[in-house]
Amino acid sequence: MAPTLCELCKTTRALIVRPKNHQKLCKSCFISIFETEIHNTITSNSLFFPGERVAIGASGGKDSTVLASVLKTLNERHHYGLNLILLSIDEGIKGYRDDSLKTVKRNAKQYDMPLEIVGYDELYGWTMDQVVEQIGKKGNCTYCGVFRRQALDRGAARLDIKHVVTGHNADDTAETVMMNLLRGDLPRLARATSIVTASAASDIKRSKPLKYAYEKEIVYYALHKGLDYFTTECIYSPEAFRGSARTLIKNLEKVRPSAILDVVKSGEDMARLVPDEVSAAGQGGKDVLVVEGEAYRAGGCGSANGRSSGGEMADTERQLLESEKAQGNETEISHLGQKHDRNCKIPNRTLRKLPKQQMGKCVRCGYLSSQDICKACMLLEGLNKNRPKTQIQVSVDEEDNSSRLTRRMESLKIIPAEQM
Amino acid sequence: MSTQSNEAGMVLLEVEFTGGLELLFSNQRKHKISLPGSDEKGQPATAAFLVRYLCENLMKDTRKEMFVMDGTVRPGILVLINDADWELEGGDLYELKENDNFFFISTLHGG
Ligand SMILES: [Zn+2]
Ligand SMILES: [Zn+2]
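Taken in sequence, the protein lines are chains A and B.
Position in the first sequence (from 1) plus 1 gives the number in the numbering used here.
Position in the second sequence (from 1) plus 5 gives the number in the numbering used here.
Have a look at this one:
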């Protein structure tokens with residue numbers, strides 16, 4: 002059988018079928034069209050200005066690695082005049098983050114970009130290994146998500162950078178649209194679909210240049226460009242690919258590949274119909290427990306939308322909620338269930354309360370917060386109370402990392418589509 | 006019997022797993038395998054037969070659904086046959102040839 006030729010150059014063997022239009026392309030035509038489309042996204046949304054300093058939230062995973070590579074290429078090719086810096090978070094997870102950070106360090110050399118690493122250790126006095134040692138694996142993603150949200154902002158602030166880009170792709174966006182629709186969370190639907198998110202809780206802008214790029218093409222790009230990326234899932238987020246919305250999106254793509262972009266576009270159209278008051282309500286309590294998509298693409302929990310575990314996190318969050326109520330501070334708890342409220346028992350009545358909130362500063366750490374004490378500080382208080390007891394216990398870290406990984410994989414289960 | 010197999014009626018292939026899939030296959034990326042040139046019904050061995058074969062013979066992990074779903078490769082796993090997306094080669098129906106390279110990569114891992 003003669004090889005299929007590229008539909009663009011008509012000379013080279015086609016290696017890729019584009020999911021959105023079935024176009025068959027050779028390697029170099031694909032790379033060029035992929036880059037051009039990202040460039041078009043950047044210019045049509047005026048994402049950057051000349052001379053802007055931009056931090057790339059870099060996890061070492063495929064999305065942020067492709068983002069860094071493409072931005073470097075486009076910055077040089079089209080003279081954006083950007084000053085690009087890699088910003089990584091060290092959650093303190095042995096056998097996972099220390100390995101992926103090695104990838105980021107290599108990327109920094111490969112792309113000739115400065116690298117800034119902010120550690121949970123230095124920011125909070127706790128690594129995720131220590132957190133898990135204390136509270137167990139259940140609910141640890143909540144801590145990680147809350148800490149991460151602040152950590153990226155603090156890292157950017159430390160560098161005096163006002164713009165952080167993350168590697169969220171079209172599949173992530175489609176998944177978030179689905180979840181927010183199923184949940185009827187209109188404020189969040191609007192936020193999730195916008196390519197730029199500025200928030201009242203932070204003066205640092207977030208944007209997603211890969212928002213329209215298929216995960217499949219991101220992987221193809223990384224593969225055909227020979228990019229160096231890290232592929233292991235977070236060891237504390239064993240249910241990571243269990244997210245049923247993710248499975249739904251992947252199944253839709255299989256039946257009709259254009260579905261992913263169709264869902265993204267529909268989400269955008271619907272978001273435009275959301276009245277301003279409703280969107281504004283969602284802009285209020287930005288520092289409420291957000292284990293949300295915009296945070297960071299680090300693989301695993303708080304990063305990949307909806308790929309976190311089901312109801313497990315709800316427990317921790319309900320506890321947090323209780324303590325909030327005890328303080329007499331009713332906050333916008335609809336955020337709480339952002340990606341895991343299937344089993345959430347919070348009554349609807351409270352879910353509908355969306356009080357207007359004033360952003361102030363956390364009295365403990367100074368981070369912008371709608372509460373006197375921010376979420377991170379609240380979680381830390383609980384952790385610190387019990388600290389002396391746990392420090393004499395044998396560390397989990399002494400275990401062989403590979404055996405932990407193996408155990409993690411053993412507990413992985415996929416929910417078939419029909420059971421969703 | 007497939008015309009593509011060698012004298013012994015076997016097809017020699019190179020199979021590679023990456024993107025996290027290697028964890029399901031003894032944490033080894035590259036495998037050289039030799040499998041029958043025809044399937045259970047005596048038809049020439051296809052990519053679908055290979056996937057079944059890998060699942061039954063190469064995959065020690067018990068969670069088959071991590072790799073296969075509804076009789077084919079799980080959505081979210083890309084398959085390349087000799088560097089090309091397997092859709093270009095007929096997907097499941099592609100007939101195996103001696104020395105083919107099959108590359109399986111998961112898109113589901115990491116950000
Ligand atoms: Zn071409
Ligand atoms: Zn605080």
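For every residue, glycine included, the Cβ atom is placed at its ideal position computed from N, Cα and C.
Neighbourhood of residue i by C-beta, 8 Å cutoff - its chain only, sequence neighbours within 5 removed
i, result
"residue 117(A)", "56, 86, 87, 88, 89, 156, 159, 160"
"residue 171(A)", "211, 212, 213, 214, 215, 216, 261, 262, 265"
"residue 53(B)", "76, 77, 97, 98"
"residue 29(B)", "22, 64, 66, 68, 71, 72"
"residue 109(A)", "87, 115, 116"
"residue 381(A)", "125, 126, 127"
"residue 220(A)", "63"
Per DSSP, the bridge partner or partners of residue i
i, result
"residue 80(A)", "DSSP, once it has assigned bridges, lists no residue as partnering residue 80(A)."
"residue 212(A)", "The partner list for residue 212(A) (beta bridge, DSSP) is empty, contrary to what the question assumes."
"residue 17(B)", "39(B)"
"residue 100(B)", "51(B)"
"residue 198(A)", "207(A)"
"residue 84(B)", "109(B)"
"residue 74(B)", "77(B)"
"residue 219(A)", "According to DSSP, which records beta bridges pairwise, residue 219(A) is partnered with nothing at all."
"residue 22(B)", "109(B)"
"residue 17(A)", "26(A)"
"residue 370(A)", "361(A)"
"residue 229(A)", "Note: residue 229(A) sits in no beta bridge, so no partner."
"residue 6(A)", "14(A)"
"residue 90(B)", "85(B)"
Under 7 Å from the C-beta of residue i: neighbouring residues of chain A
i, result
"residue 93(B)", "5, 15, 18, 25"
"residue 90(B)", "16, 17, 18"
Close beta carbons around residue i, own chain, < 7 Å, minus the five adjacent residues each side
i, result
"residue 65(B)", "31"
"residue 52(A)", "82"
"residue 4(A)", "14"
"residue 400(A)", "Low per-residue confidence applies at residue 400(A): pLDDT is 33, beneath 50, and the placement is therefore not dependable enough to give any value."
"residue 364(A)", "373, 374"
"residue 316(A)", "Any reading at residue 316(A) is ruled out, since the residue's pLDDT is 47, under 50, leaving its predicted position unreliable."
"residue 23(B)", "34, 110"
"residue 99(A)", "none"
"residue 199(A)", "206"
"residue 190(A)", "178, 181, 182, 268, 271, 272, 275"
Partner residues on chain B for residue i, Cβ-Cβ distance less than 7 Å
i, result
"residue 251(A)", "80, 81"
"residue 255(A)", "80"
"residue 216(A)", "112"
"residue 381(A)", "Ordered by position in chain B, no residue passes the 7 Å Cβ test against residue 381(A), which lies about 25 Å from the chain."
"residue 153(A)", "Ordered by position in chain B, no residue passes the 7 Å Cβ test against residue 153(A), which lies about 13 Å from the chain."
Contacting residues, own chain, Cβ-Cβ under 6 Å from residue i (five flanking each side not counted)
i, result
"residue 26(B)", "109, 111"
"residue 100(B)", "49, 51"
"residue 168(A)", "64, 65, 68, 211, 298"
"residue 98(B)", "51"
"residue 46(A)", "196"
"residue 75(A)", "40"
"residue 305(A)", "With a pLDDT of 36 at residue 305(A), under the threshold of 50, the modelled position of that residue is not reliable, and the figure given next carries that caveat. If we look at residue 305(A) and ignore the five residues flanking it on each side, it has no Cβ neighbours."
"residue 106(B)", "19, 87"
"residue 24(A)", "8"
"residue 249(A)", "none"
Contacts of residue i in chain B (Cβ-Cβ under 8 Å)
i, result
"residue 220(A)", "24, 83, 110, 112"
"residue 92(A)", "Those within 8 Å of residue 92(A) in chain B number zero; the least Cβ separation is about 13 Å."
Under 9 Å from the C-beta of residue i: neighbouring residues of chain B
i, result
"residue 87(A)", "Chain B residues near residue 87(A): none, gap ~14 Å exceeds 9 Å."
"residue 228(A)", "None at all; the shortest Cβ gap to chain B is about 12 Å."
"residue 116(A)", "Those do not exist, as residue 116(A) stays about 17 Å from chain B at its closest Cβ, beyond 9 Å."
Below 5 Å from a heavy atom of ligand 2 - residues by beta-carbon: Result (chain order): 363(A), 365(A), 366(A), 368(A), 375(A), 378(A).
Ranges of the beta strand (DSSP E) found wholly within the segment 47-122 of chain A, counting only runs of at least 3: Listed in chain order, they are 54-58, 84-91, 116-120.
Entirely enclosed beta strand (DSSP E) segments - the segment 133-182 of chain A, minimum 3 residues: Listed in chain order, they are 164-166.
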